[in-house]
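In the numbering used here, the protein residues as written are -18 to 199. To start, the structure itself, in structure tokens.
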Ligand code: E4P
């Protein structure tokens, strides 16, 4: 399973990259707004900086248009920023049409705001590179986000769809483990959830004991 970081914050991207486990980055308009980035030039420069930081990893940049022509125009401009940009397109009717257009024109895509297996089938049929089911938001609505990952994984495997399952809206380290079990190809996570994988009290207790005992022979 690949690890993407789900943020537009450069310090957090750098920290995850330095850990040596980072395969890419996902952003969305809310994450970009959180960083206080304003205006077309600033947005484009920020995406370029992220692409250079992760050095070869895919970087999802989301369109904000909702009509076919707007999505295509915006997506073309985003894709031109850097070869690693993946155009993030919402799961709406014009979004599906645009996904097909991008597929036919060699532009890689991430179909976002996916909450059902039916939507994931449509994204795959349109040739999306990635499909992003939103695990945490599904759990927040008292449904089972991990179950959706497992269902999409089974469908894609039976049908031979090539679209990669990019589990998004991750809230904690357990989500990451469960996504790996359920067959996600990629997990995009906040830095805290990635670092949460490191934690185990027995590791801390064991290390403290080893360091204490090491004093006896140092
Ligand atoms: C990433 O691609 C998604 O936009 C993101 O994971 C959504 O996460 P949230 O539900 O925590 O906003």
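Cβ atoms here follow ideal geometry from the backbone N, Cα and C, with glycine treated the same way.
Here residue 8 is not near residue 147, since their CB atoms are 9 angstroms or more apart. Per DSSP, residue 53 is one residue of the alpha helix (DSSP H) stretching across 49 to 62. Residue pairing of residue 39 in beta bridges, as defined by DSSP: 5. With respect to the 9 angstroms criterion, residue 61 and residue 81 are not classified as neighbours on the basis of their beta carbons.
Rounded to whole angstroms, the gap between the alpha carbons of residue 43 and residue 105 is 18 angstroms. The residues 34, in chain order, have a CB closer than 7 angstroms to that of residue -5 in the same chain once the five nearest residues on each side in sequence are set aside. Residue 84 is positioned such that its CB atom lies no closer than 9 angstroms to that of residue 111.
Nearest to residue 154 by alpha-carbon distance, out of 173, 193, 140 and 124, is 173.
In the three-state reduction of the DSSP assignment, residue 193 falls in the helix class, which pools H, G and I. In the DSSP assignment, residue 114 falls within the beta strand (DSSP E) that extends over 111 to 114. Between residue 171 and residue 151, the C-beta spacing is below 9 angstroms. Relative to ligand 1, the beta carbon of residue 115 is positioned inside 8 angstroms of a heavy atom.
Per DSSP, the beta-bridge partners of residue -13 are 7.
The criterion of a C-beta distance shorter than 9 angstroms is satisfied by residue 56 and residue 88. In the structure shown, the three-state DSSP call for residue 90 is strand. Beta-bridge pairing by DSSP links residue 67 to 41. The closest heavy atom of ligand 1 lies 8 angstroms or more from the beta carbon of residue 47. Of the residues 14, 10 and 99, the one whose Cα lies closest to the Cα of residue 68 is 10. With 16 or more other Cβ atoms inside 10 Å of its own Cβ, residue 65 counts as buried.
Taking a C-beta distance under 9 angstroms as the contact criterion, residue -17 and residue 168 qualify as a contact pair.
Nearest Cα to residue 99 within the set 27, 25 and 135: 135.
For residue 103 against residue 114, the beta-carbon gap comes to about 13 angstroms, at or over 8 angstroms, which does not count as contact.
In the structure shown, residue 146 adopts extended strand secondary structure according to DSSP, grouped into three states.
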